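Trainee:
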Amino acid sequence: MPPLSDAALDQLFRNARTHRWWEDRKIPEETLRRIADLAKLGPTSANTTPVRFVFVVSDAAKEKLKPHLDEGNVRQTMSAPATVIVAYDTEFYEKLGFLAPHSKDARSWFAGQPDVIERTAFQGSCLQGAYLIMAARSLGLDCGPMGGFDREGVDGTFFPDGKTKSNFLINLGYGLPEKLHPRQPRFAFEEFCRIE
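Numbering (UniProt numbering), first residue to last: 1 to 196.
(1) Which residues bound the alpha helix (DSSP H) around C126?
(2) A121 and F92: beta carbons closer than 8 Å?
(3) At a cut of 8 Å, does the segment 39 to 47 reach the segment 63 to 77 through at least three beta carbon pairs?
(4) Under a CB-based cut-off of 8 Å, is T90 close to chain E?
(5) Just verifying my parser: in three-state terms, what is the DSSP assignment at D105?
(6) Taking only the alpha-carbon atoms, compute the straight-line gap between G37 and P182 and give it to the nearest angstrom.
(7) From what residue to what residue does the beta strand (DSSP E) around S166 run?
(8) I need the straight-line Cα distance from I85 to S138, nearest angstrom please.
(9) According to the neighbour-count rule (16 or more other Cβ atoms, all chains shown, within 10 Å of its Cβ), is L9 buried or exposed?
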């Protein structure tokens, strides 16, 4: 498969930034569905697919989310056209008969093993949240991922059954580039990588 064009790499990486200020412009539901459909195609361990996305778009849903946000994240979240709660299902293994039909007893790899369940679910939801960011950017949206919120509050409000846990939030929309700060420094290759 050929490499992506420089323009595509710019959109996905080099020019992509964390946005906190948004145009007053809704995201069509069809676009949110396309983002999720792209994000779900990324790999997870044994295709466990533990992520659960909640797209918070209505005024009522935003008001439910607001009291659980850290003070510094209220304005940017309430003004974003959509906020995604990236969460994970702690009973993801119950769906492995469908998701991993090639493995006869994939459920047994996890059932009754809370540490393995937590690690797999958390790790997979991190990956799938990152896939969602790349999917959103590929469809022309900007993103503002963040962790500043009360997880217990969000879980109690949006996942009252106790089986799903929030991981992080991603604000989605059409960012205002004039409000961006200069890009923060990044490490040189040698400072965070090695080849052995």
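Every residue, glycine too, gets a C-beta built ideally from N, C-alpha and C.
What you are looking at is a predicted structure, and each value in this text was computed from that prediction instead of being measured.
Mentor: Taking the structure as given:
(1) Where C126 is concerned, the enclosing alpha helix (DSSP H) stretches over P114 to S138.
(2) It is a contact, given that the beta carbons lie within the stated cut-off.
(3) Flag = no, the segment 39 to 47 and the segment 63 to 77 do not touch.
(4) The question asks about chain E, but that chain is absent: this structure has only one protein chain.
(5) Correct three-state label for D105: coil.
(6) For clarity, residue 37 is Asp in the given sequence; the question names Gly instead. Here the alpha carbon of D37 sits roughly 32 Å from the alpha carbon of P182.
(7) Counting along the chain, the beta strand (DSSP E) containing S166 begins and ends at T164 to G173.
(8) Taking the straight line joining both Cα atoms gives about 20 Å.
(9) The residue is exposed, with fewer than 16 neighbouring Cβ atoms inside 10 Å.
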